[in-house]
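To start, the structure under review is shown below, and the notes come after it.
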Amino acid sequence: MWYNTKAKEILGIEYPILQGPFGGNLSTVELVATVSNAGGLGGYGAYTLSPQEIIDVDKQIKTATDKPYNINLWVSDNDGSTITDEQYNRARQLFQPYFDEAGIPLPDKPAPFSSRFENQLQVILDIRPKVFSFISGVLSADVLELCRKRGIITVGAATTLDEALVLEATGVDMIIASGFEAGGHRPSFLASAEASTTGTFVLLQLIREKVKTPVIAAGGIANGRGVAAALMLGASAAQIGTAFLACDESNALPIHRQMLFSEAAKYTTLSRAFTGRLGRGLTSRIAKDLSGKEFLPFPLQTTFMSPLRKAALDQQKWDMILFWGGQIAPILKHTKATALMQSLIEETTDYLKSVL
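Throughout the sequence shown, residue numbering follows the working numbering, covering 3 to 358 in sequence.
Here it is, written out as structure tokens:
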């Protein structure tokens, strides 16, 4: 059967379908458990969590499911720990009109940011999730060996062939081919994210041609047709983000989920304006107005924008917010994760039967 892939074997799951691990407080234990219990691999984005919060979430997941699950971290969790007064003043000038429109004062200069990754990584080694995925960087051979000794499957993300080659050389168990159609942040690490705009199915073929490590296709996949296409092109599994983000079990705001099923979902854009890192979301006025401008480094831009996001939500100024979402959003159908999983399995079976 189509689901008997290398990924299924490595991950210990029934179907080679992965739920994208959302960061930014969009993941939930309920969604992870629902997907894993349905035979896929649920994923929890933990890069914003403290070590203790990761421990607590892991305990909750283990209570909710005895199936494999994935915890995701960002290897590079900042692009600059501090900013100069000059940078801050430029940001103030750029965003002054939007803060004025929302009727709120400009924020103070963001405090310095200290990387959390090393402490988070130690927690991963301690709690031993079945799967540990990471983006925006590579792990050292020593860390990967520690994971292997603890029975942790490692999954890195690549946005280019060169990144996939680097990941394979380090010894990861699987590689995600992240196409530019995907919603959320681009997980690039060798070059600027703007240089990594290859589509999923082209990227998948490039990587499969040169890399022996099993590949997971991600970006622009939301139904069984997409899963089947990925498998036919050599993927060992498909990772699905936006379709699961739109489900009630995610922690996306109701208006966010509503927008993913609206006409607004037809139009997405890549922008750094909201976090300082390039990410894809539903096109907003600020993203259009400030295209090509220079912003504070991640995550200090996120800190700077936080009061404006809150005010925009309170005032229902949706065009001042970038709601994460991928290019595939207009075909979304399901609001329940169990129904989505069932549909993915059934549709993939039907499509592959029709062509094989």
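Glycine residues also receive a C-beta, built at the ideal position from the N, C-alpha and C atoms.
Residue j beta carbon less than 8 angstroms from that of residue i
| i | j | result |
| --- | --- | --- |
| G22 | G45 | yes |
| G278 | G185 | no |
| G181 | S345 | no |
| K8 | Y71 | no |
| L315 | A224 | no |
| I19 | A239 | yes |
| C249 | K338 | yes |
| L302 | F115 | yes |
| L205 | A232 | no |
| I15 | G47 | no |
| L383 | G281 | The chain is shown from 3 up to 358; residue 383 falls before or after that span and cannot be answered. |
| V37 | A66 | no |
Buried or exposed (CB count within 10 angstroms, at least 16 for buried), residue i
| i | result |
| --- | --- |
| T162 | buried |
| R210 | buried |
| P99 | exposed |
| E265 | exposed |
| M322 | buried |
| A219 | buried |
| L75 | buried |
| T84 | exposed |
| K212 | exposed |
| T350 | buried |
| G294 | exposed |
| M343 | buried |
| E88 | exposed |
CB-CB length for residue i against residue j, believed under 8 angstroms
| i | j | result |
| --- | --- | --- |
| G222 | I347 | Not really, about 19 angstroms apart at Cβ, beyond 8 angstroms. |
| L284 | M261 | 6 angstroms |
| T215 | A179 | No, T215 and A179 are not in contact; Cβ-Cβ is about 11 angstroms, not under 8 angstroms. |
| F276 | M307 | 6 angstroms |
| S138 | S52 | With 8 angstroms as the limit, S138 and S52 do not qualify as a contact, their Cβ atoms being about 19 angstroms apart. |
| P309 | I106 | 6 angstroms |
DSSP state of residue i mapped onto helix, strand, coil
| i | result |
| --- | --- |
| T156 | strand |
| G226 | helix |
| F119 | helix |
| E302 | Here residue 302 is Leu; the residue named in the question, Glu, does not match the sequence. DSSP places L302 in helix when its eight states are reduced to three. |
| L108 | coil |
| Y46 | strand |
| R279 | coil |
| Y353 | helix |
| I218 | strand |
| S38 | helix |
| F182 | coil |
| Q318 | coil |
| V133 | strand |
Inset, instruction - Report yes or no: do three or more beta-carbon pairs, one from the segment 166-174 and one from the segment 253-267, lie closer than 8 angstroms? - result: no
Inset, instruction - Evaluate contact between the segment 102-122 and the segment 150-159, counting only Cβ atoms and requiring at least three cross-stretch pairs below 8 angstroms. - result: no
Legend entry - Contact the segment 283-295 vs the segment 137-147: 3+ CB pairs below 8 angstroms: no
Inset, instruction - Evaluate contact between the segment 60-71 and the segment 89-103, counting only Cβ atoms and requiring at least three cross-stretch pairs below 8 angstroms. - result: no
Inset, instruction - Please determine if the segment 246-255 and the segment 192-206 are in contact, where contact requires at least 3 C-beta pairs separated by less than 8 angstroms. - result: no
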